[in-house]
Each structure stands twice: as structure tokens, then as C-alpha cells.
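Working notes, structure below.
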Amino acid sequence: MRPTVPYFYGFVVWIGLLFFACPMQAQHGDMLSRKIYLSGMKGSIYELLEKVTQQSGVLFIYDSRIINNEKQVRIKSGERTVREAIYEITQNRNLSLRSVGNHILIQLTPKEASVPAEQTAPLPASFAVIEGFLVDQQTQEPISFGTVGIYGTSIGTITNQNGEFRLHVPDSLIHSSLQFSHVGYLPQQVAISLVRGHHTTFSLEPKNISIQEVVVRLVNPQRIIKDMLDKRKENYASFPVYFTSFYREGIERKKGFVNLSEAVFKIYKTPFHTPQTDQVKLLKMRKISNTAEKDTFITKLKSGVNACLLLDLVKILPDFLNPEDLNQYDFRHTDLALVENRMTNVITFEQRPTVKTPAYRGDLYIDTENDALLMAKFEMNPRYIKEATSMFIEKKSRNLSFKLDRVVYAVSYKYWDGKYYINHIRGDLHFKVKPRKQLFSNSVHAWFEMVTCDIETTDVSRFVRNETFPKTMVFSDINFVYDNDFWENFNVILPEEELYEAIRKITSQIEEIQL
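According to the working numbering, the residues represented by the sequence shown are 719 to 1233, in order.
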């Protein structure tokens, strides 16, 4: 029997708005001249523009740094054109309005336009920058870890926990479309040319799918898992590929920032059916440390890179997917959900009450048509989390005690060129450290994540040995050469607000260490 917990992520302690509604049938003619009726009301600009969308079916694109979505505005009831409604709601008649297909692009007139002070330095002419936020259309809450990509290509990134993203688009693809997606939402597309150079808020429409009890009774969840395993050869690459991936890991202690390490890897990804291991080549790296930390113990994340490779659940089957160990778990078909515009069966699993050792619980999202595993969200069973402490913590000091609080993982795959590939991996580990003879413990949060930014399928071969990166070492200890020009142009996961603010406050600079 395989071990119940197959992964080991050790610690060394020595211590704008784009409004995507369901539009009404578009009418012929100029959308800006279309007559609509709005009732008298008071609300935010965002809410009032939603009323215009509901009445006319038009969608809006604008720079969220130009128009304040939260500003409260009062309008009178009556009929007006879409153009007049926009001017009335935004309280700015110096806006340039242009209809493009079913969208209305709102910009400042040339004489009013200015570059915001916080805008980043321009990229070389070979790239365009698309940036903004991804939010829930109904609640305006940010959508974390949403997929953002160039439609029809393998180029993409994800949103951070605040729903924010930045994507560098080659000029050769400037006439393509962006695609946004997330589990439970209808995916949307928008022309890159409409949002190029703007900081835009994009919204996704929730898609709730009701499931009847009779469907639940008829679905055999273990059969769904078996079909997924049987069809791996059809759904996943049976040949090696190169991934260009962005990786980052961080440590937070007592709600304070300790360090952040980021890198770009080229990964030789082996097929799911081969026992060969993946290889990693370090291309670029940077790290920031808070030298103001004065605690008497040091926390470091060990094997975070290797953990990401082990979390390819299709290749390295965890016990909740391994046919030999399925009897350790209870499985239930609990829902239907959209993932990348694909209907999926949601299979919820949890270790059986008779299993007394640490194991996992979570949800699997498996395509209803082709049986591909598209996403998995799971965590260490809280019932046995304390017993799992020794599996995740390496203690180097007798003066410290440790207690694991929570371990959570998320894995997603994306479809490209007929196959599914790893898209995003995230791991969050929470634990407490208590120095002996002290009354209170310190909360520590360690996390790692990796996103696939590009995929290559031609001329793929294994790296020579001296090019490979030691996957199991403490990544933050590696020396490197910092390359500012490279980091200006590469797709990364933007820091969240809290992380960005912490980085801004610390006095340490990005380390520039020569190899």
C-alpha cells in the first residue's frame, strides 16, 4: 500500500471595468445613439453602468484609473441615448466614446489624457502590456487565481489573490483576443487592441448549475475517477514538453513579511506514463528579505520547487487517485461546475472514519465529456493535522516546539493544442512555532506557487546534467545574478496588496548577488 501522505514539503528550522453581462440581442445601428430608459436612482458608477448594460446589451471597456467605479452618483428618471447616459453617470463630457462591435470603449480625449504617475516604464516596442483586475460581475469581489491567456496560444498567467494581473503580449499577437476563465464562471473574450495600454477591470458572469438528486444517485464517483485514469493517454501529453514557468515562494511570520523568492524556470516535463523525473533549469531569479527581522529563529521553505513537480496529480497519483488506495476514501458526486467553459463533475472525497492516519479531503473537477481532470482543491484532514506535523517540519532546535495548523493545495490544468497541461499549482502551509519558556506562539505562513507561462512541444530534449537545478534544496539560499531588464518583460504573478505593501516598507533591496 502506498503511504497515505505521498508528498513531503519540508521546512528547515534552525532555526477600468469591462462589463461582461449577458447582453440582449444587439440591434442594428449606432449603439451610442440607442435610446434607453433609466429610472431615477442613486448608486456607484459601476452599478449605474450595469443598468445601461441591462437596458441596451452593450458592454463597457475603460481604464479604472480614469473612472472611479465606487463614486456615488444620482440620476433622474427618463429616456436618453446611451451616449448621454454615459456622460450623466460619469459626470464627464470630456470622454471619447467609440463603439467597437458590442463594446463601447471609454477613453479620455487626447487633450485630457495623461500618463498616471504610477504607470510602469514602457516595454520595448516588441511587447504590449495588458493589466487590470478580474472581478465577479454580480458582487464585484476579486476573482483569485483566474486564468488569463491569449486565446489559441499557450501564453498566459493568473490573477493574484486580489484579482490583479499583468500580461505581456508580443506585438505579433496584438490582434488576438484575451480569454478569462475561472471555475464557476462563464469564460469571456475581449480583443487585445481594445484594452492595450489601459488598466481595466474585467468581470465574469457566475454560472450556477443546479443538480437534481436523481443525478446524484445515478453517478458513481469512483467510476468517474476510473474513467479519468483510463483516458489519460487521450487527454494528456504522451511526449515530453518544455514549460517556461514562473515560480515564487514566501514566508510570513506574525502577520509580517519575512522573505520572497521568485524565479523563471525552464522545465523538461516528462510524459505522465514514464517513470522518468522532470528536470528544471533556472533561468532567472530574484529575492527580497526583511533584514529587520530580529527573531531568534529562522524559517526556510525546503523543496518547494520539487513540491510543484510532485503535484502533477495526473503523473504522480496521490492516494485519493491511485486505484490501489481508493478504498481509503469516501467519494461523493456533489455538484456540477464550469471550468474553462467545460462542464465538470465535482467529486468530493474524504478519508474514511476507519482510517486513523493523516490523509486528505477535497474536491476533484472532472470533465463530463472527455473525463479529463481539470482541477483539484484539497487539504490535509484537520482531524489529523497535528499528527502530520513531522511530515512537513524539520526541526533543528530543541528550544522550539511546532504545531501544524493547516495545509491546503490547488492544482489546475489548461487545454492547448489538443492536450491538457499543468497550469497553476499553489500550496499554503500554516503552523505555529513556540519558543520554550515563552507563553505565546508565533504564526508562520509558508507558501509556494508556480504558473505555466508558455509551452513548447518541438525540439524537446533532456537537459545536460550541469544545467539542472537541485529541486529539493532550500531555494531561497541560491546565489544568482539579478537581471532587471529581464524582469521588466516577463509575465509574473503580481504581488497581492499586503505583500506589495510589505515589500515597499522593508529597507532591503532586491539582492544582486554574483554567482
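Every residue, glycine too, gets a C-beta built ideally from N, C-alpha and C.
Of the choices V776, R941, Y764, R798, whose alpha-carbon is the least far from that of K789?
-> Comparing alpha carbon positions, the residue from V776, R941, Y764, R798 closest to K789 is Y764.
Cα-Cα separation, R711 to L766 | A query on residue 711 cannot be resolved here, the shown segment of the chain reaching from 719 to 1233 and no further.
Check the C-beta distance from T1062 over to I1084 and give it rounded, since I have them as a contact under 8 Å.
-> Cβ atoms of T1062 and I1084 come within 8 Å of each other, at about 6 Å.
Would DSSP call M946 helix, strand or coil?
-> Here M946 sits in helix by DSSP.
Among S963, I969, S956, which one has its Cα closest to the Cα of P993?
-> The shortest Cα separation from P993 among S963, I969, S956 belongs to S956.
T1072 (DSSP reduced to helix, strand or coil) = DSSP places T1072 in coil when its eight states are reduced to three.
Grab me the residues of I754's own chain with a C-beta within less than 8 Å of its C-beta, minus the 5 sequence neighbours each way, in chain order.
-> So the qualifying residues of the chain are V770, Q773, S774, E797, R798, T799, V800, A803.
What residues match up with M1093 in a beta bridge as DSSP calls it?
-> DSSP output for M1093 lists Y1083, S1130 as bridge partner(s).
What's the C-alpha gap between T1052 and N1045?
-> Roughly 19 Å between the two C-alpha positions.
Pick helix, strand or coil for T1225, following the three-state DSSP scheme.
-> For T1225, the predicted model reports a pLDDT of 43, less than 50, meaning its position is unreliable; a value from the coordinates is still stated below. For T1225, the secondary structure class from DSSP, reduced to helix, strand or coil, is coil.
Cross-strand partners of G870 (DSSP beta bridge) | Its beta-bridge partners do not exist; DSSP assigns none.
Determine, using beta carbons only, whether T988 and N787 come nearer to each other than 8 Å.
-> Not a contact, by the Cβ cut-off of 8 Å.
Alpha-carbon to alpha-carbon, L1118 and E967 = Straight-line Cα distance between these residues: approximately 23 Å.
Would you mind reading off the limits of the beta strand (DSSP E) that contains A1164?
-> For A1164, the uninterrupted beta strand (DSSP E) run begins and ends at 1160–1174, by DSSP.
Specify whether the segment 1179–1192 and the segment 1021–1034 touch according to this definition: at least 3 beta carbon pairs, one from each stretch, less than 8 Å apart.
-> Short answer: they touch.
Inspect the CB distances between the segment 865–878 and the segment 1126–1146 and report whether three or more fall short of 8 Å.
-> Yes, the segment 865–878 touches the segment 1126–1146.
What are the partner residues of A1077, as DSSP defines its beta bridges?
-> Per DSSP, none; premise fails for A1077.
Can you give me the Cβ contacts of S751 inside the same chain, cut-off strictly under 6 Å, excluding the 5 residues immediately before and after it?
-> Excluding sequence neighbours, S751 sits near T799.
Consult DSSP for S963 and reduce its assignment to one of helix, strand or coil.
-> In the structure shown, S963 adopts extended strand secondary structure according to DSSP, grouped into three states.
Nearest candidate by alpha-carbon position, reference D1172, set S1108, V908, L978, N1141 = The candidate whose alpha carbon is nearest that of D1172 is N1141.
Compare the Cα-Cα distances from A1274 to each of D1123, F1096, I943 and report the closest residue.
-> Outside the shown range of the chain (719 to 1233) lies residue 1274, about which nothing can therefore be said.
Would you kindly report the start and end of the unbroken alpha helix (DSSP H) that includes Y764?
-> Per DSSP, the continuous alpha helix (DSSP H) segment holding Y764 begins and ends at 763–774.
Can you grab the Cα-Cα spacing for the pair D1146 / M1109, in whole Å?
-> Their backbone Cα atoms lie some 15 Å apart in a straight line.
Span of the alpha helix (DSSP H), counted from its first residue to its last, around T995 | Per DSSP, T995 lies in no alpha helix (DSSP H) and is assigned neither H nor E.
Anyone know if the C-beta pair for E1167 and I1143 falls short of 8 Å?
-> Going by C-beta atoms, E1167 is nearer than 8 Å to I1143.
Return the chain-ordered list of same chain residues with a C-beta closer than 7 Å to the C-beta of D996, the five sequence neighbours on each side being excluded.
-> In chain order, I985, Y986, K987, T988, L1027 place their CB closer than 7 Å to the CB of D996, counting only its own chain and leaving out the 5 sequence neighbours on each side.
Which word fits F1120, buried or exposed, when buried means at least 16 other C-beta atoms lie within 10 angstroms of its C-beta?
-> Buried, by the Cβ-count rule.
Backbone CA spacing between P1213 and N878 [nearest angstrom] = If you take the alpha carbons of P1213 and N878, they lie about 7 Å apart.
Given a threshold of 16 other Cβ atoms within 10 Å of its Cβ, counted over all protein chains shown, does V1178 qualify as buried or as exposed?
-> With fewer than 16 Cβ atoms within 10 Å of its Cβ, V1178 is classed as exposed.
Using only alpha-carbon positions, find the residue among T808, A846, H893, L922 that is nearest to Q856.
-> Of T808, A846, H893, L922, the residue nearest in Cα terms is L922.
From the DSSP output, read off the bridge partner residues of F1149.
-> Answer by DSSP bridge pairing, in chain order: L1122, V1162.
If I'm right that P905 touches N1059 with Cβ under 8 Å, what's the distance once you round it to whole angstroms?
-> Yes, they are in contact, since the Cβ atoms of P905 and N1059 sit about 5 Å apart, within 8 Å.
Top-ranked residue by Cα proximity to G867, from G881, A846, S895 | Ranking G881, A846, S895 by Cα distance to G867 puts S895 first.
State the beta-bridge partners of V791 as determined by DSSP.
-> For V791, the beta-bridge partners assigned by DSSP are G761.
Do M749 and S814 have their CB atoms nearer than 8 Å?
-> Result no, Cβ atoms of M749 and S814 do not sit closer than 8 Å.
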